[in-house]
Amino acid sequence: MVSVLQESAPSYTMVKNGLAYFNKDESCEDDPRPGHPVTVVTEENVRKNEKIVLADRRIKFWQIAEELQISKERVGEIIHEHMNMRKISVRWVPKMLTPFDKQRRLQTKVHAMDEKRRKAAEEIQGSKVGIEAYGDNFLG
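For the sequence shown, the residue numbers in numbering that gives the first Met the number 0 are 0 to 139.
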């Protein structure tokens, strides 16, 4: 080790103490420290977050983070991963639609298509009448 690390090599005593430390079933993981918990994505925070979002679907990440005293990144994780929601326009909506929502979406699309067909038919009918009237004047 000395030949590779030269002067920055640890002493024999330091290596011996380190080996004894790990032989006592110690791990390389950090010991728990006081302060913030390791994770803030708990069931309690998920429930609180869900309650806040359902009360106001236009709420922003920073407002939720401020209220729950957690980071915006954890708020995003809770909303996207645990609540399965995403932001559409300015509202939070579930990723999975209910059967009622799917039926309503289908009815809306069918109604919109019918309306387009009706308007197109009116335009075609109006243009035929215009062409016939113009043709009579042109030929006459």
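Where a beta carbon is used, it is the ideal one built from N, C-alpha and C, also for glycine.
For clarity, every value in this text was computed on a predicted model and none was experimentally measured.
Quiz item: Thinking C-alpha only, which one of 78, 31 and 108 is nearest residue 92?
Solution: 78
Exercise. Quick one: which unbroken beta strand (DSSP E) runs of 3-plus residues sit fully inside the segment 34-119? Chain order, please.
Key: 84-87 and 90-93
Practice problem: Measure the beta-carbon distance from residue 73 to residue 45 and round it to whole angstroms, keeping in mind my assumption that it falls under 8 Å. | Solution: Rounded, the Cβ-Cβ distance is 10 Å, inconsistent with contact.
Self-check item: Alpha-carbon spacing of residue 6 relative to residue 17, whole angstroms
Solution: 19 Å
Practice problem: Have a look at 59, 120 and 87 and flag the residue whose alpha-carbon is nearest the alpha-carbon of residue 75. | Solution: Here the closest residue by C-alpha is 59.
Quiz item: Can you tell which of 83, 49, 82 and 57 has its C-alpha closest to the C-alpha of residue 67?
Solution: Nearest option by C-alpha distance: 49.
Quiz item: Within this structure, are the beta carbons of residue 90 and residue 56 separated by less than 8 Å?
Solution: It is a contact, given that the beta carbons lie within the stated cut-off.
Quiz item: What is the rounded straight-line gap between the Cα of residue 20 and the Cα of residue 10?
Solution: 16 Å
Self-check item: Euclidean distance between Cα positions of residue 109 and residue 101
Solution: Taking the straight line from one Cα to the other gives about 12 Å.
Quiz item: Do the CB positions of residue 84 and residue 52 come within less than 8 Å of each other?
Solution: In this structure, residue 52 lies closer than 8 Å to residue 84 by Cβ.
Self-check item: residue 61 vs residue 47 beta-carbon contact at 8 Å
Solution: Cβ atoms of residue 61 and residue 47: not closer than 8 Å.
Self-check item: As assigned by DSSP and simplified to three states, the class of residue 8
Solution: coil
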